[in-house]
Each structure stands twice: as C-alpha cells, then as structure tokens.
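Residue 1106 is where the sequence shown starts when you use this note's numbering, and the numbers rise one by one after that.
Glycine is no exception: its CB is placed at the ideal position from the N, C-alpha and C atoms.
Quick caveat: nothing in here was measured; it's all calculated off a predicted structure.
Structure first, commentary second.
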Amino acid sequence: MITIDTLMTVADGNPYDINNYLDNKYKPRRTDVIMEDVDILKGHTISYDLLGNNCKHFVTFLRYGQSESKQAVDFMKKFLVSILAMLGVASLTLAPKTDNK
1106 MITIDTLMTV ADGNPYDINN YLDNKYKPRR TDVIMEDVDI LKGHTISYDL
1156 LGNNCKHFVT FLRYGQSESK QAVDFMKKFL VSILAMLGVA SLTLAPKTDN
1206 K
C-alpha cells in the first residue's frame, strides 16, 4: 500500500543517497504536481514486479512522469549477455564434429 513517510523514517538510521541521475534525461516535475499524484495514489495498492514495476519505477514516475529503473535495465542486459554466451558455448559443444583428413 502506498503511504507517505519521511525519508528519515524509511531509512530507519541506515545510510542513504539521493540520486537524481535522470535529471539530465528528463525534466523533473514540480513538487506540487508530484504531490497531486501522491495524494491520488495514497492508500492504493499497486502491483509489484522486480523488473517492470519496482520502487525505482515508482519514484522515477513521480519525479519525471516516466517510469524507469536503471537496475532493472542493467540486470536484463547482463542476463541476455549470459544467455547468449551459454548458447554460444552450447552450439560449440553440440556442433557435429567434422573429419579433417
């Protein structure tokens, strides 16, 4: 469920960073516009998906009006490279041997 808490409450004494790394890609929305969306969403439950709808997607949607997660994109890139590497190894291993006479 979407609730409103201070960053200090959520961090609960743990270290944290504020990283607005997408400010050069998207224009940050005004605080009043963000808070209008928060007021609409407050109390609602939204679906969670690690790769497609996680907390980074949520906060970037609020800040920029665009849902994006660099971690999810990086994971998918690494996952796809791993799959391609495994397919390459499998194709070399399973390829028919040729006689070189």
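When 1125, 1186, 1194 are compared, the shortest CA-CA separation from residue 1162 is found for 1125.
In this structure, the alpha-carbon of residue 1166 lies about 18 Å from that of residue 1112. Taking all protein chains in view, the Cβ of residue 1187 is surrounded by fewer than 16 other Cβ atoms within 10 Å, so the residue is classified as exposed. The three-state secondary structure of residue 1117, taken from DSSP, is coil. Looking at the DSSP output, residue 1129 bridges to nothing. DSSP places residue 1168 inside the alpha helix (DSSP H), whose first and last residues are 1160-1169. Annotation: residue 1133 to residue 1184 spans about 30 Å, alpha carbon to alpha carbon.
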